[in-house]
Structures are given as C-alpha cells and as structure tokens.
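Chemist: This structure is in structure tokens; I'll ask about it shortly.
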Amino acid sequence: MNRCAWVGKEQIYIDYHDQEWGVPVYDSQELFQHLLLDGAQAGLSWITVLKKRDNYRKAFYNFDPIKMAKMTDAELENQLQNPGIIRNRLKVFGFRKNAVAYLKIQAQQSFSEFLWHFVGGKPKVNHWKSLQDVPVNTPESDAMSKALKKAGFTFVGTTICYAFMQAVGMVNDHTVDCFRHNYPD
1247 MNRCAWVGKE QIYIDYHDQE WGVPVYDSQE LFQHLLLDGA QAGLSWITVL KKRDNYRKAF
1307 YNFDPIKMAK MTDAELENQL QNPGIIRNRL KVFGFRKNAV AYLKIQAQQS FSEFLWHFVG
1367 GKPKVNHWKS LQDVPVNTPE SDAMSKALKK AGFTFVGTTI CYAFMQAVGM VNDHTVDCFR
1427 HNYPD
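Going by our numbering, the first residue of the sequence shown is number 1247, and it counts up by one from there.
Next comes the structure, spelled out in structure tokens:
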C-alpha cells in the first residue's frame, strides 16, 4: 500500500496518516485543537507533538477554550514542569492567548466558518506527484496567518497555517500515488 513519503514506520504515524491527516474537520473546537498543536510543532517534527497529544489534552482541559482562557499564570507555570508536553514558555502561554482570541472570533462567527472561508468552504484537491512538489505555504495560508495574527493568535505563521490546512483537510495534499489521495472525506 503506497502512502505519502513523509509517513515513517511508526504505527502512530501510519495511523495518523491513514485515518486523520487530510480528513476535513468542520467542528470549531476540534479545529482549535489542531491549530494549537500545529503551533506547538513549530521548530519540531510532527511526530513529537503527535506522541504528546494526549498529554496536551490532559494539561489543557481537553482544549476547552473557556477553561483555557481562564488559566492563571501559576497554572501555566506549572505546565512548564510537565514532561508530557513541549515545555516552551512562549508556546505554553500562547495556548491561553489563543484561547482568548478563539473566543473573540466565536462571539462574532463560527471559528470553522472563519477558517474554511480561506479555501472557499470546501477542500482544495491538489495533485502533487511527489513530496518535493508540495508547497510549505500558499496565498491562502498567507491570508489565514495574517487574519489569525490580527485576531490575536500566536504561533500561526504561514507555514504553520499550511500544515494545519493539510491536517484538517482544507487542502488534500496526499500525493497522487498515495492510497488516500482519492478517498472521500
């Protein structure tokens, strides 16, 4: 069975590719979780974050933005001692900042609608022949990054936004030789 070239041999990575990556996500809170975890990845490999995902869920109230927005500095400092997550001060404190920004957007419109409008509300299907063909950012990810930063988010550069768009199925970047390329949602 052919998979995208970035998939390693570890079962957690294979399962993530086969069952999650590129599957369209429309739930606002699930999108919020994905965006946070993609931001946590900055400068690291995705498998590092993937292996810590359950620890992040425990540490940050299952990504409940209301609870996260109310986290105190002391609670966040405590998380900096948590070996189950990436203990980067800016990233950990950024989770609270992003929860506040998320809630502001949600007060105006669905976070899902806010994000999906960057791709016209439906997945953009690409037809890349190899991993080298896949871009690290696009005009859509540039626009998303700019809008999220304006809304108060952090760790949402254009490369992070494009990785997020791939993960949540806003773009289908499974290479054409991958068995997942032509799969429906």
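For every residue, glycine included, the Cβ atom is placed at its ideal position computed from N, Cα and C. Every value quoted in this text rests on a predicted model; they were computed, and no experiment measured them.
As an exercise, report each continuous alpha helix (DSSP H) stretch of at least 4 residues that is fully enclosed by the region 1270-1298, in chain order.
Modeler: Counting whole runs of 4 or more residues, the region 1270-1298 contains the alpha helix (DSSP H) stretches 1274-1287.
Chemist: Tell me the rounded alpha-carbon separation between Glu-1359 and Lys-1350.
Modeler: Here residue 1359 corresponds to residue number 113 of the sequence shown, with the count starting at 1. Here residue 1350 corresponds to residue number 104 of the sequence shown, with the count starting at 1. In a straight line, the C-alpha of Glu-1359 is about 14 Å away from that of Lys-1350.
Chemist: Assess contact between the region 1269-1279 and the region 1386-1398, defined as three or more Cβ pairs (one per stretch) separated by less than 8 Å. Is contact present?
Modeler: Not touching, per the Cβ criterion.
Chemist: When you compare the CB positions of Phe-1341 and Phe-1306, do they come within less than 8 Å of one another, or not?
Modeler: Your numbering for residue 1341 matches position 95 in the sequence shown. Your numbering for residue 1306 matches position 60 in the sequence shown. Yes, Cβ-Cβ distance for Phe-1341 and Phe-1306 is below 8 Å.
Chemist: List, from N- to C-terminal side, the alpha helix (DSSP H) runs of 4 residues or more that fit wholly inside the region 1334-1370.
Modeler: Counting only runs of 4 or more, we get 1335-1354, 1357-1362.
Chemist: Looking only at its chain, what residues have a beta carbon closer than 7 Å to the beta carbon of Tyr-1303, apart from the 5 residues adjacent to it on each side?
Modeler: The sequence position of residue 1303 within the sequence shown is 57, counting from 1. Residue identity check: residue 1303 is Arg in the sequence provided, not Tyr. Once the five neighbours on either side are set aside, the close Cβ partners of Arg-1303 are Phe-1309.
Chemist: Using only the alpha-carbon positions, how far apart do Leu-1296 and Gly-1330 sit?
Modeler: Against the sequence shown, residue 1296 aligns to sequence position 50. Against the sequence shown, residue 1330 aligns to sequence position 84. One C-alpha to the other measures close to 11 Å.
Chemist: Out of Gln-1257, Gln-1352, His-1373, Val-1338, point me to the one whose CA is closest to Leu-1277's CA.
Modeler: As a working mapping, residue 1277 is identified with position 31 in the sequence shown. Checking every option, the nearest Cα to that of Leu-1277 belongs to Gln-1352.
Chemist: For the alpha helix (DSSP H) that Phe-1258 lies in, which residues bound it at each end?
Modeler: Stepping through the sequence shown from its first residue, residue 1258 is reached at position 12. Correcting the residue type first, residue 1258 is Ile in the shown sequence and not Phe. Start and end: 1257-1265.
Chemist: Since Phe-1410 is in the alpha helix (DSSP H), which residue starts that stretch and which ends it?
Modeler: On the sequence shown, position 164 is the one that residue 1410 refers to. 1404-1413 is the extent of the alpha helix (DSSP H) around Phe-1410.
Chemist: Let's test the definition: count the other Cβ atoms within 10 Å of the Cβ of His-1373 and tell me whether it reaches 16, buried, or not, exposed.
Modeler: The residue labelled residue 1373 in the question sits at position 127 within the sequence shown. His-1373 comes out exposed.
Chemist: At what residues does the alpha helix (DSSP H) containing Lys-1396 begin and finish?
Modeler: On the sequence shown, position 150 is the one that residue 1396 refers to. It spans 1385-1396 - the alpha helix (DSSP H) in which Lys-1396 sits, taken as one unbroken run.
Chemist: If you reduce the DSSP assignment to three classes, tell me which class Asn-1301 lands in.
Modeler: For the purposes of this step, residue 1301 is taken as residue 55 along the sequence shown, with counting starting at 1. Here Asn-1301 sits in helix by DSSP.
Chemist: Straight-line CA distance for Trp-1252 to Gln-1378?
Modeler: Counting from 1 along the sequence shown, the entry for residue 1252 is found at position 6. Counting from 1 along the sequence shown, the entry for residue 1378 is found at position 132. If you take the alpha carbons of Trp-1252 and Gln-1378, they lie about 10 Å apart.
Chemist: Can you say whether Tyr-1408 is buried or exposed, counting buried as having 16 or more other CB atoms within 10 angstroms of its CB?
Modeler: Position 162 of the sequence shown, counting from 1, holds the residue named residue 1408. Buried: at least 16 other Cβ atoms inside 10 Å.
Chemist: Can you grab the Cα-Cα spacing for the pair Glu-1256 / Lys-1313, in whole Å?
Modeler: Position 10 of the sequence shown, counted from the first residue, corresponds to residue 1256. Position 67 of the sequence shown, counted from the first residue, corresponds to residue 1313. Each residue's alpha carbon lies about 33 Å from the other.
Chemist: Could you round the C-beta distance between Gln-1355 and Trp-1267 to whole angstroms and report it? I think they count as a contact, below 8 Å.
Modeler: Taking the first residue of the sequence shown as 1, we reach residue 1355 at position 109. Taking the first residue of the sequence shown as 1, we reach residue 1267 at position 21. Between Trp-1267 and Gln-1355 the Cβ distance is about 27 Å, and since that is not below 8 Å, they are no contact.
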